[in-house]
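There are 2 protein chains.
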Amino acid sequence: MPKTITLFGAGRSATRFIRYIQDNSVKNDWMLTIADRDMQLLKQKQAGHNRTEIVAFSLDNDQLRSDLIAKADLVVSMVPAHLHIVIARDCLEQNKNMLTASYVSEEMRALNDEVEKKGLLFLNEMGVDPGIDHLSAMSMLDELRGKGAEITGFESFTGGLPAPGLEDNPWQYIFSWNPRNVVLAGAGGAVKFRQEGRYKYIPYHQLFRRTEFMTIKDYGRFEGYPNRDSLKYRATYGLEDVPTIFRGTLRRPGFCRAWDVFVKLGMTDDSYVLENTAKLTHRQFANLFLAYHPSDSIELKLMHYMNIPQDSDLMEKLEWIGLFSNENVGLERGTPAQILEHMLMKKWKMRPDDRDMIVMFHKVDYVLNGKSHTLRSSMVYEGKSADETAMSDTVGLPLALGAELMLSGKIKQTGVRLPVTPDIYRPMLTALEEYGVRFVEQE
Amino acid sequence: MPKTITLFGAGRSATRFIRYIQDNSVKNDWMLTIADRDMQLLKQKQAGHNRTEIVAFSLDNDQLRSDLIAKADLVVSMVPAHLHIVIARDCLEQNKNMLTASYVSEEMRALNDEVEKKGLLFLNEMGVDPGIDHLSAMSMLDELRGKGAEITGFESFTGGLPAPGLEDNPWQYIFSWNPRNVVLAGAGGAVKFRQEGRYKYIPYHQLFRRTEFMTIKDYGRFEGYPNRDSLKYRATYGLEDVPTIFRGTLRRPGFCRAWDVFVKLGMTDDSYVLENTAKLTHRQFANLFLAYHPSDSIELKLMHYMNIPQDSDLMEKLEWIGLFSNENVGLERGTPAQILEHMLMKKWKMRPDDRDMIVMFHKVDYVLNGKSHTLRSSMVYEGKSADETAMSDTVGLPLALGAELMLSGKIKQTGVRLPVTPDIYRPMLTALEEYGVRFVEQE
Chain C
273 MPKTITLFGA
283 GRSATRFIRY
293 IQDNSVKNDW
303 MLTIADRDMQ
313 LLKQKQAGHN
323 RTEIVAFSLD
333 NDQLRSDLIA
343 KADLVVSMVP
353 AHLHIVIARD
363 CLEQNKNMLT
373 ASYVSEEMRA
383 LNDEVEKKGL
393 LFLNEMGVDP
403 GIDHLSAMSM
413 LDELRGKGAE
423 ITGFESFTGG
433 LPAPGLEDNP
443 WQYIFSWNPR
453 NVVLAGAGGA
463 VKFRQEGRYK
473 YIPYHQLFRR
483 TEFMTIKDYG
493 RFEGYPNRDS
503 LKYRATYGLE
513 DVPTIFRGTL
523 RRPGFCRAWD
533 VFVKLGMTDD
543 SYVLENTAKL
553 THRQFANLFL
563 AYHPSDSIEL
573 KLMHYMNIPQ
583 DSDLMEKLEW
593 IGLFSNENVG
603 LERGTPAQIL
613 EHMLMKKWKM
623 RPDDRDMIVM
633 FHKVDYVLNG
643 KSHTLRSSMV
653 YEGKSADETA
663 MSDTVGLPLA
673 LGAELMLSGK
683 IKQTGVRLPV
693 TPDIYRPMLT
703 ALEEYGVRFV
713 EQE
Chain S
273 MPKTITLFGA
283 GRSATRFIRY
293 IQDNSVKNDW
303 MLTIADRDMQ
313 LLKQKQAGHN
323 RTEIVAFSLD
333 NDQLRSDLIA
343 KADLVVSMVP
353 AHLHIVIARD
363 CLEQNKNMLT
373 ASYVSEEMRA
383 LNDEVEKKGL
393 LFLNEMGVDP
403 GIDHLSAMSM
413 LDELRGKGAE
423 ITGFESFTGG
433 LPAPGLEDNP
443 WQYIFSWNPR
453 NVVLAGAGGA
463 VKFRQEGRYK
473 YIPYHQLFRR
483 TEFMTIKDYG
493 RFEGYPNRDS
503 LKYRATYGLE
513 DVPTIFRGTL
523 RRPGFCRAWD
533 VFVKLGMTDD
543 SYVLENTAKL
553 THRQFANLFL
563 AYHPSDSIEL
573 KLMHYMNIPQ
583 DSDLMEKLEW
593 IGLFSNENVG
603 LERGTPAQIL
613 EHMLMKKWKM
623 RPDDRDMIVM
633 FHKVDYVLNG
643 KSHTLRSSMV
653 YEGKSADETA
663 MSDTVGLPLA
673 LGAELMLSGK
683 IKQTGVRLPV
693 TPDIYRPMLT
703 ALEEYGVRFV
713 EQE
């Protein structure tokens, strides 16, 4: 009997998942069903493959959703994260295992007892971040603890960046995933973490000034700014008593200082709609946030307000991105954040030949036999083009390899889970290596 | 027949209101009923006065509330602002006029048509700010417009500050009203105003760096930071097309730059509760928001992070307020804003002999017969002690004079209203002058 994998959602990051399942479908006797609203997208993803069935589908069609899940051996959900729960409830009712690449929501977590009782597994956070970060971090931590080491610090960073070679972009940044999430990154509350046993809090408006630097072999220097959720995985990782725990996002050095200008000016605010924006130019957009002066230029007012020296590379970055241009923004109506996103897209949207990369970096401080050590582990994965991005590969691959592992019957745990146990991270990391997701460790 | 004034709420700012009504009760044949939860407070306010009745009262006692309103000729509400609506609905049902010193809420505004239909008047914003600011601003604006002037700019500032003589307080600030509102001032959204025909937006974290300076005769220099609601009264004041409109709050010069340190550090955040605060010292509280360093002092880290020169008066202010002290905060649990408020109270709480003052300043630019002019108007009212504050006098007096005016039957308008018309502001300003609320104009 063939096994049916049913995928909900055929968006960009599903590409690599679908290819892997198709490429391995004969060997494993898999059938793939893809359900999405967009028939054109579905046809493109099907690509004439004879073991792939496509279904035009809307999530509010309860009957069709239920029928599709009934026929599945494994359900993979790549719909927008807040909608997983609809599919999860059906899976629970129909006794189906489920797989996602998204953070476990409160609603999803609440299903745990019922999922466990039925002997099912709802495996989440099986993308890149969250996903590959869990696999690699837990592998490192468990190995060290297995040797008897005491963990004294854990830092972990991930970033989606352009691959080397994009010399004409002074920000060294392009949008390899949802631009809105990049613009709003860190907004909405204070950052919380622990350093040397002390709690530390950073308000959003200071986030991009509190960065750390690191070097990754063959790829040079990076800077990391803190994520909002550094303490989130304390218990999951068994790091409740570790004095330092820090999770962050990687950028190229100088990005954060320049991004901070947008934050400080108030351009990343998504809470109110600006007045009279229909004919606004980039330059006028900047001026909304600067004090009135009868004669000073916008450049001068900005340098003065933000305390930027005239010869700083910051001004070059702001000019390159078009902040001082007389071009129309071209959005009828919007919040500051929406206008900013629209402006940034003009320069940061990936061109067909642009290549991105995913960079991951872990640093573990530990004490073994009375001696202090630091272990660093890094991974860089480069994309091939704007269609085959590192971002979509590193989300789709672990999800596909996770589907294979779940269908193999080798995972015995049940409930609503993350991939933080050896029965999952060992085979996953081995399989990922074959596809170029390779961690390099350095003492 | 005597007329009964029924007051709900006998808190601090009711003091001057009550005294005025009592002092004028024989002349006008008034009876005063005061309803409050706190019997001790009521007895103190009654002070044996034979025309004052006191009633122990809880707002959720529908029957008693209804009975009290039934017996009233005028209802004055000084309960917390969000509760006025409960009393307003009863007044509407029982055909009673109503008076408050609070901003008109959306719910209150929604009653307008019904209030009008019944020929009633619900007069609001009859305190100091809002209140005296409306009276004085509208008087100036109408007079200028009556002469044929075109208004080109309107700025208005109010502040509650210590009266001159508090030499040992480098902030030149004390809490003369609700400390929580001072700590959270400006938080919760971007500031919006218009300057020279251009919209301007300031995010909260920059608010205290965008100040204006002004001098008031005999009282010296002040600085003003923008209120969130500068555009709010555009239509009410008939200033829809005025290129510059700005409303702000007054402090002594240097206050805002120092307060900005609290804002920038994240200490005014009220959105999350800090961990492990039970034994926190002031100094440790500061350190929560500063980067970890194995040896640098908190003072040094703060100066570096906030770019403060070592010899700046800023450090003197922060030290005076106790930010670097080893004293316990003394709050079991709290948000950063609650901890900060608790710390500030130790120094800014009014001592019995401390005196406050209310400072109001309007600046109107206008063109008359082709020539540009600027008219300034200012008012300073000094309090007598921590019991008889300028803050409570300037809220209670206009409310009492407003009650007298309403009971005189001279106001013909109906509906949910603000005091922005000559039938109200003329007699009010004349009466207020007698009690020391005096505006000085200067071309």
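As you go down the protein sequences, you meet chains C and S in turn. The numbers in the numbering used here rise by one with no breaks, and the one at position 241 of the first sequence is 513. The numbers in the numbering used here rise by one with no breaks, and the one at position 296 of the second sequence is 568. Don't be surprised by glycine CBs; every beta carbon is placed ideally from N, CA and C. Note that the structure is a prediction, hence the values are computed from the model and not measured.
Please classify residue i as buried or exposed, where buried requires at least 16 other C-beta atoms within 10 Å of its C-beta.
i, result
"residue 309(C)", "exposed"
"residue 538(C)", "buried"
"residue 356(S)", "buried"
"residue 541(S)", "buried"
"residue 710(C)", "exposed"
"residue 256(S)", "Residue 256(S) lies beyond the residue range present for chain S, which begins at 273 and ends at 715; the question has no answer from this structure."
"residue 581(C)", "exposed"
"residue 464(S)", "buried"
"residue 544(C)", "exposed"
"residue 572(C)", "exposed"
"residue 576(C)", "exposed"
"residue 676(C)", "buried"
"residue 453(S)", "exposed"
"residue 462(S)", "buried"
"residue 437(S)", "exposed"
Since I believe residue j is in contact with residue i (beta carbons under 8 angstroms), could you give me their beta-carbon distance rounded to a whole number of angstroms?
i, j, result
"residue 599(C)", "residue 554(C)", "6 angstroms"
"residue 404(C)", "residue 587(C)", "Not really, about 37 angstroms apart at Cβ, beyond 8 angstroms."
"residue 524(C)", "residue 444(C)", "4 angstroms"
"residue 399(C)", "residue 701(C)", "At roughly 15 angstroms, the Cβ-Cβ gap does not stay under 8 angstroms, so residue 399(C) and residue 701(C) are not in contact."
Where does residue i sit, in a helix, a strand or coil, going by DSSP?
i, result
"residue 306(S)", "strand"
"residue 577(S)", "helix"
"residue 235(C)", "Outside the shown range of chain C (273 to 715) lies residue 235(C), about which nothing can therefore be said."
"residue 391(S)", "coil"
"residue 504(C)", "coil"
"residue 473(C)", "strand"
"residue 644(C)", "strand"
"residue 666(C)", "helix"
"residue 624(C)", "coil"
"residue 298(S)", "helix"
"residue 549(C)", "coil"
"residue 447(S)", "strand"
"residue 515(C)", "coil"
"residue 585(C)", "helix"
"residue 674(C)", "helix"
"residue 418(S)", "helix"
"residue 524(C)", "coil"
"residue 605(S)", "coil"
Suppose contacts are defined by Cβ-Cβ distances below 8 angstroms. Is residue i in contact with residue j by that definition?
i, j, result
"residue 352(C)", "residue 375(C)", "no"
"residue 426(C)", "residue 516(C)", "yes"
"residue 514(C)", "residue 424(C)", "yes"
"residue 350(S)", "residue 409(S)", "no"
"residue 394(C)", "residue 360(C)", "yes"
"residue 433(C)", "residue 458(C)", "no"
"residue 362(C)", "residue 276(C)", "no"
"residue 704(C)", "residue 679(C)", "no"
"residue 282(S)", "residue 315(S)", "no"
"residue 278(S)", "residue 371(S)", "no"
"residue 499(S)", "residue 520(S)", "yes"
"residue 380(S)", "residue 601(S)", "no"
Tell me which residues of the region 373-397 of chain C have at least one Cβ-Cβ distance to chain S shorter than 8 angstroms, keeping chain order. none
Determine which residues of the region 559-579 of chain C have a Cβ less than 9 angstroms from any Cβ of chain S, and write them out in chain order. 559, 560, 561, 562, 563, 564, 566, 577 and 579
For the region 440-468 of chain C, which residues have a beta carbon sitting closer than 7 angstroms to at least one beta carbon of chain S? 461, 462, 467 and 468
Please identify, using Cβ separations under 7 angstroms, the residues of the region 522-547 of chain C that lie next to chain S, in order along the chain. 536, 538, 541, 543, 544 and 547
Using a Cβ-Cβ cut-off of less than 9 angstroms, list which residues of the region 471-501 of chain C approach chain S; keep chain order. 471, 472, 473, 474, 475, 476, 477, 478, 481 and 482
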